[in-house]
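K.L.:
Got a structure for you, questions after.
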Amino acid sequence: MSSITPTEIKEEFFKNKIGITGIVILLILILTSIIAVITIPVETFKEWNNPGSWISYPKVAIPVWVNLFLSEKIPEHKILESPKINYDTAENISVTYHQFGINFDYDDFPNDFIYEFSAKYSGSTLLQMDVIRPDGIHLKLLSTSLPNLDSNSIHSERVFSTDDSIKKNLILQSDKFLFSLNNLSAEDIVFSKAEKQEILKGNYIFLIKMYGNNSENKIQESKLIIGGKAFGIMGTDELRRDLAVGLLWGTPLALFIGLVVSIASVVMGLLYGVYAGYRGKKTDEVMMRFNDVIYALPALPFLIILSVTISNSIFVLVGFLMVFGWVGIAKVARSMSLQIKTRGYVEAAIMMGQKDSKIVLRHILPQLLPYAFASIAISVPAAITTEAGLSFLGLGDPSFPTWGQILHDANVYGAASRGLWWWILPPGVMIAITGLAFVFIGNALDSIVNPKLKR
Amino acid sequence: MITLLITVLLVGSNMDSILKQGVVFQVRSEITENPKISESFSSVDEFESFVQMQIEQRIKTLGLDEPWYSPQRIGLTMYKILTLDFGRATFLTSDSGSSDVKEIILEKLPRTILLFTTATIIISVIGIFLGAFSGSRVGSVIDRLTSSFAVISSSFPVWWIGMLMIFLFSFVYQIFPARATPLIPSSDPNYIGSLLYHMTLPLITIVMIGFGSWAYLVRNFIVGIMQEDFIIAKKTIGVDQKKIIYSHALKNAAPPIVTILALSLSGSLGGAIITEAVFDWPGMGRLYFEAITVMDLPIIIGATYILTVFFLISIFVADLLYGYFDPRVRVG
Chain H
5 MSSITPTEIK EEFFKNKIGI TGIVILLILI LTSIIAVITI PVETFKEWNN PGSWISYPKV
65 AIPVWVNLFL SEKIPEHKIL ESPKINYDTA ENISVTYHQF GINFDYDDFP NDFIYEFSAK
125 YSGSTLLQMD VIRPDGIHLK LLSTSLPNLD SNSIHSERVF STDDSIKKNL ILQSDKFLFS
185 LNNLSAEDIV FSKAEKQEIL KGNYIFLIKM YGNNSENKIQ ESKLIIGGKA FGIMGTDELR
245 RDLAVGLLWG TPLALFIGLV VSIASVVMGL LYGVYAGYRG KKTDEVMMRF NDVIYALPAL
305 PFLIILSVTI SNSIFVLVGF LMVFGWVGIA KVARSMSLQI KTRGYVEAAI MMGQKDSKIV
365 LRHILPQLLP YAFASIAISV PAAITTEAGL SFLGLGDPSF PTWGQILHDA NVYGAASRGL
425 WWWILPPGVM IAITGLAFVF IGNALDSIVN PKLKR
Chain S
-15 MITLLITVLL VGSNMDSILK QGVVFQVRSE ITENPKISES FSSVDEFESF VQMQIEQRIK
45 TLGLDEPWYS PQRIGLTMYK ILTLDFGRAT FLTSDSGSSD VKEIILEKLP RTILLFTTAT
105 IIISVIGIFL GAFSGSRVGS VIDRLTSSFA VISSSFPVWW IGMLMIFLFS FVYQIFPARA
165 TPLIPSSDPN YIGSLLYHMT LPLITIVMIG FGSWAYLVRN FIVGIMQEDF IIAKKTIGVD
225 QKKIIYSHAL KNAAPPIVTI LALSLSGSLG GAIITEAVFD WPGMGRLYFE AITVMDLPII
285 IGATYILTVF FLISIFVADL LYGYFDPRVR VG
């Protein structure tokens, strides 16, 4: 193996189809993590475990693209944030209009609708909410006075479709419908045909009016949510979290954990093993016995105990994984360095009186580099799956949710039994793909370093 | 033996902080259960100092005020653990209702051994034959399939495949039960049958994920051995190809294979934690998982200890077996 030079390895590697596949997958993963870091701010991601920040998202929504394969379209969850804004003043009354248009083209009723706003006003104001349907029917939904504010201050509120006054208003307009509106929820009425209780497709306009007697009144934030059962590229989970965010951010985390653990443990193992092998005699004996001790510790139970007692921070976990990672490599590196030590040029260097550190670093270590790269690549998947496993047991770092934690939540909320495949499949597939990329690269390197295994 | 001591020490240092936390927890919960105690204090500070005093008192009676590395404590801990006296579990009980850690573990251990030993045996049988077969026909379709299957299956976490299997076979096609714990009590005569039925799904999953890498390993050994001189000599003499592989090549590949078998048997005991948690198999792994979720310290310590002991024993056995199969080792 010592006869292989780095350039030869490169050449061989690029002839290897599996190795190239691995590199391509890895590049895609790196690209994904760069995109994730750029497009999704860390702040959003840190809010992962804060239910409050996900409130406007739907519960366990199926990914949107599923609709492409279905004949009956599942209503998409729509968050409308940019209304058309108009102002009007007549005598001393000023009116602010916010108008949301939505093209509702699905085969099922939405779950609900929520209007979320924060308004800046003084004095007493009146909020009105109307809907103009595709068939021209104008429905009054709500007419409510907002709390009286003395100065020009801000009032925030959420209007839910389950609001009693919306229901009452709709019942008052029941002459527009040919069927009984009792026992129907507000969204079932608003989105229904006038003749019978069936979905009415087309363009809906939600009109929000705020009346007040101060011309400076303003609706600052205004958001209309039409609650559906499908959302985003990857859907959402039980806690309304957008799984796409979690999956995207999981990529850099997994790469970080995998690479840091494997590189650090290989470097540690290599140095340890080479030094023990080079020094030989008693040093070797003592160092290898210590190695045996660590080797004899069952890793997973210990990792569990350590993360329960010391800390479940992701950085501490990475440290623990390193502690259990370097042992095997040290053993191999030792036996390799024992062989290399007997080579003529090393003996010559010793006789020339070169420093030990120089001999180890200059003459022995470079010979082991191909092996080191192969074992880095091969040990990455193990680190990732171990971390995922620990997170799956609920011992992960809650401030950095990983794929394993998504699966943990999925298991806790019984995703498998409820058929929520979009909650289980993607994280596992991501773990597997990441692992595969490194296994491919590692195998390609391995078959170059150990020509015996070549097919 | 040194390893054992160090292991115990390693656990010991953690055990102390765990135990102290446990005491604090115990005192607090006792106080919350007894509203009268908290009512009798006028200020929060006074209450807090009372709580602290209580905690310190308990710590002293348990001997926890001395550092864990004091010889007295270590000796006691070692003695207790060596005599398999793990104390009593705080929350969990065995199926028969006992809270003695030893009994709980003794109840769960056979089930884990049943599931994972069966799985390991099936895996190794399939793996050895498939590996020998594909190792003798390097480059054939079967060889390529085995190798790629090994590579792909090794990068999937077993427990994730388990979740998918539950999803597929318990809910989409309702063939197997989702929870591996049988519903009937263990005294029932049908219990064993039911247990085996509930065992099928986890067994299939473990075997499915496991045999690929085994076959690949065996294949690599065989490929290496097939290039040795004595095999080539046998070939030129005209010995039957099958006989070469199954009696000569496999025999030579035996030492590493046996070592790995011994290690993977005990390794599966530890690796079972997550798998058992997914399948709800009532063995050591799930016990461990439950103990962690409710922080039942005596059980965590006991189970870790048992797993460590198993691991050490199997390493020892593997070493002995290696020496038996490969006489060259004995000299060194």
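In the order they appear, the protein sequences are chains H and S. Each number in this note's numbering corresponds to the 1-based position in the first sequence with 4 added. Mapping of the second sequence onto this note's numbering: position 182 corresponds to residue 166, and the numbering continues sequentially without gaps. Note that beta-carbon positions come from the ideal geometry of N, C-alpha and C, so glycine has one too. Keep in mind that this is a model prediction, so the values were computed, not measured.
#1: Within 7 angstroms of any Cβ in chain S, is that where the Cβ of Pro405 of chain H sits?
#2: In whole angstroms, what is the alpha-carbon distance linking Lys171 of chain H and Leu325 of chain H?
#3: Less than 7 angstroms between CB atoms is the rule here; does Leu291 of chain S satisfy it with respect to chain H?
#4: Tell me the DSSP secondary structure of Gln103 of chain H in three-state form.
#5: For Trp425 of chain H, which residues in chain S fall below 8 angstroms Cβ to Cβ?
#6: For Ser149 of chain H, count neighbouring C-beta atoms within 10 Å of its own C-beta (all shown protein chains included) and say buried if the count is 16 or more, exposed if not.
#7: Kindly say whether Pro266 of chain S, judged by its beta-carbon, lies nearer than 7 angstroms to any beta-carbon of chain H.
#8: Nearest chain H C-beta to Val278 of chain S closer than 7 angstroms, yes or no?
#9: Restricting to Cα atoms, I'd like to know which of S:Asp264, S:Thr243, S:Phe151 is closest to Arg422 of chain H.
#10: Of all the CB atoms in chain S, is at least one closer than 7 angstroms to the CB of Ile42 of chain H?
#11: Check whether chain H comes within 7 angstroms of Val202 of chain S, counting only Cβ atoms and requiring the distance to be less than that.
#12: Under 7 angstroms, Cβ to Cβ, is there at least one residue of chain H near Val301 of chain S?
#13: Measure the C-alpha to C-alpha separation of Tyr215 of chain H and Val163 of chain H and round it to an integer number of angstroms.
#14: In the DSSP assignment, find the beta strand (DSSP E) that holds Asp154 of chain H and state where it starts and stops.
#15: Since Thr217 of chain H and Ile42 of chain H are thought to touch, with beta carbons under 8 angstroms apart, how far apart are those beta carbons, to the nearest angstrom?
#16: According to a CB-to-CB cut-off of less than 8 angstroms, which residues of the segment 388 to 399 of chain H neighbour chain S?
#17: Based on the DSSP secondary-structure assignment, which residues constitute the bridge partners of Lys82 of chain H?
#18: Indicate whether at least one CB of chain S lies closer than 7 angstroms to the CB of Ile428 of chain H.
#19: What ranges does the beta strand (DSSP E) occupy inside the segment 315 to 401 of chain H, keeping only unbroken runs of at least 3 residues that lie completely in it?
#20: Rounded to whole angstroms, what's the CA-CA distance from Leu93 of chain S to Phe17 of chain H? Just pull it up for me.
#21: Taking only the alpha-carbon atoms, compute the straight-line gap between Ile24 of chain H and Ile159 of chain S and give it to the nearest angstrom.
#22: Would you report the Cα separation of Ile66 of chain H and Asn173 of chain H, rounded to the nearest angstrom?
#23: Tell me the rounded alpha-carbon separation between Gly239 of chain H and Gly115 of chain S.
#24: So with CB distances below 8 angstroms, who are the chain S contacts of Gly439 of chain H?
#25: Let me see if you follow: with CB-CB separation under 7 angstroms, is Leu457 of chain H close to chain S or not?
#26: Curious, which full-length alpha helix (DSSP H) runs of at least 4 residues does the segment 90 to 176 of chain S contain?
#27: Identify the residues that DSSP records as bridge partners of Lys213 of chain H: which are they?
#28: If you compare alpha carbons, which of H:His142, H:Ser86, H:Phe108, H:Ala337 is closest to Ser178 of chain H?
#29: Which one or two residues does DSSP pair with Phe108 of chain H in a beta bridge?
#30: So, with DSSP's three-state summary, where would you put Asn90 of chain H?
#31: Quick one: what does DSSP say Thr292 of chain S is sitting in, helix, strand or coil?
#32: What residues are listed by DSSP as bridge partners for Asp246 of chain H?
#33: Is it the case that the segment 357 to 374 of chain H contacts the segment 278 to 293 of chain H, given that we only count it when at least three CB pairs across the two stretches are under 8 angstroms?
#34: By the three-class DSSP mapping on this structure, what secondary structure does Asp213 of chain S have?
#35: Which residues in the same chain as Leu274 of chain H place their Cβ atom closer than 8 angstroms to its Cβ, once the five residues preceding and following it in sequence are excluded?
#36: Here's the rule I'm using: 16 or more other beta-carbon atoms within 10 Å means buried, otherwise exposed. How should Lys458 of chain H be labelled?
P.N.:
So, to answer that:
#1: Within the first sequence, numbered from 1, the residue matching residue 405 of chain H stands at position 401. Closer than 7 angstroms: no.
#2: One-based indexing of the first sequence puts residue 171 of chain H at position 167. One-based indexing of the first sequence puts residue 325 of chain H at position 321. Their backbone Cα atoms lie some 58 angstroms apart in a straight line.
#3: Taking the first residue of the second sequence as 1, we reach residue 291 of chain S at position 307. Yes, its Cβ sits closer than 7 angstroms to a Cβ of chain H.
#4: Residue mapping note: residue 103 of chain H aligns to position 99 of the first sequence, counting from 1. Residue state, collapsed to three classes: strand.
#5: Residue mapping note: residue 425 of chain H aligns to position 421 of the first sequence, counting from 1. Per Cβ cutoff of 8 angstroms: Phe151.
#6: In the first sequence, the residue the question calls residue 149 of chain H occupies position 145. The residue is exposed, with fewer than 16 neighbouring Cβ atoms inside 10 Å.
#7: As a first step, residue 266 of chain S is located in the second sequence; it is residue number 282 there, counting from the start. It does not: the Cβ of Pro266 of chain S has no partner Cβ on chain H nearer than 7 angstroms.
#8: By one-based count along the second sequence, residue 278 of chain S stands at place 294. It does not: the Cβ of Val278 of chain S has no partner Cβ on chain H nearer than 7 angstroms.
#9: Counted from its first residue, the first sequence places residue 422 of chain H at position 418. The residue with the shortest Cα to Cα distance from Arg422 of chain H is S:Phe151.
#10: As a first step, residue 42 of chain H must be located in the first sequence, where it is residue number 38. Answer no: the Cβ-Cβ gap between Ile42 of chain H and chain S never drops below 7 angstroms.
#11: What you label residue 202 of chain S is simply residue 218 of the second sequence in a count that begins at 1. Taking Cβ atoms only, chain H never reaches closer than 7 angstroms to Val202 of chain S, which makes this a no.
#12: Counting from 1 along the second sequence, the entry for residue 301 of chain S is found at position 317. No - not a single Cβ of chain H is within 7 angstroms of the one on Val301 of chain S.
#13: The count along the first sequence starts at 1 and reaches residue 215 of chain H at position 211. The count along the first sequence starts at 1 and reaches residue 163 of chain H at position 159. For Tyr215 of chain H and Val163 of chain H, the distance between alpha carbons rounds to 17 angstroms.
#14: What you label residue 154 of chain H is simply residue 150 of the first sequence in a count that begins at 1. 142 to 164 is the span of the beta strand (DSSP E), which, as asked, contains Asp154 of chain H.
#15: Residue mapping note: residue 217 of chain H aligns to position 213 of the first sequence, counting from 1. Residue mapping note: residue 42 of chain H aligns to position 38 of the first sequence, counting from 1. Checking the sequence, you will find Asn at residue 217 of chain H rather than Thr. So it is not a contact: roughly 47 angstroms between Cβ atoms.
#16: Thr389, Ala392, Gly393, Phe396, Leu397, Gly398, Leu399
#17: Looking up residue 82 of chain H in the first sequence gives position 78. For Lys82 of chain H, which the question treats as bridged, DSSP gives the partners H:Ile230.
#18: Here residue 428 of chain H refers to the residue found at position 424 when the first sequence is read from its first residue. Yes - at least one Cβ of chain S is within 7 angstroms of the one on Ile428 of chain H.
#19: none
#20: Reading the second sequence from its first residue, position 109 is the one you call residue 93 of chain S. Reading the first sequence from its first residue, position 13 is the one you call residue 17 of chain H. If I take the Cα positions, the gap works out to 47 angstroms.
#21: Stepping through the first sequence from its first residue, residue 24 of chain H is reached at position 20. Stepping through the second sequence from its first residue, residue 159 of chain S is reached at position 175. Roughly 41 angstroms separates the two Cα atoms.
#22: Position 62 of the first sequence, counted from the first residue, corresponds to residue 66 of chain H. Position 169 of the first sequence, counted from the first residue, corresponds to residue 173 of chain H. Cα to Cα, Ile66 of chain H sits roughly 32 angstroms from Asn173 of chain H.
#23: As a first step, residue 239 of chain H is located in the first sequence; it is residue number 235 there, counting from the start. As a first step, residue 115 of chain S is located in the second sequence; it is residue number 131 there, counting from the start. Cα to Cα, Gly239 of chain H sits roughly 42 angstroms from Gly115 of chain S.
#24: In the first sequence, the residue the question calls residue 439 of chain H occupies position 435. The contacting residues are Ser138, Ser139, Phe140.
#25: Looking up residue 457 of chain H in the first sequence gives position 453. The predicted model places Leu457 of chain H with a pLDDT of 49, which falls under 50 and marks its position as unreliable; any figure quoted below should be read in that light. Closer than 7 angstroms: yes.
#26: 125 to 138, 142 to 150
#27: Within the first sequence, the letter at position 209 stands for residue 213 of chain H. DSSP, once it has assigned bridges, lists H:Tyr101, H:Gln132 as partnering Lys213 of chain H.
#28: Counting from one through the first sequence, the residue named residue 178 of chain H turns up at place 174. Comparing Cα-Cα distances from Ser178 of chain H to each of H:His142, H:Ser86, H:Phe108, H:Ala337, the minimum goes to H:His142.
#29: One-based indexing of the first sequence puts residue 108 of chain H at position 104. For Phe108 of chain H, which the question treats as bridged, DSSP gives the partners H:Gly206.
#30: The sequence position of residue 90 of chain H within the first sequence is 86, counting from 1. Here Asn90 of chain H sits in strand by DSSP.
#31: Sequence index remark: in the second sequence, residue 292 of chain S carries index 308 (1-based). It is helical.
#32: Locating residue 246 of chain H in the first sequence gives position 242, counting from the first residue. Answer by DSSP bridge pairing, in chain order: H:Thr240.
#33: yes
#34: Counted from its first residue, the second sequence places residue 213 of chain S at position 229. Helix, per DSSP.
#35: Start at 1 with the first residue of the first sequence, and residue 274 of chain H comes out as number 270. So the list reads Ile333, Ala334, Ala337, Leu369, Leu372, Ala376, once near-sequence residues are dropped.
#36: By one-based count along the first sequence, residue 458 of chain H stands at place 454. With a pLDDT of only 46 at Lys458 of chain H, under 50, the local geometry of the prediction cannot be trusted, and no value is derived from it.
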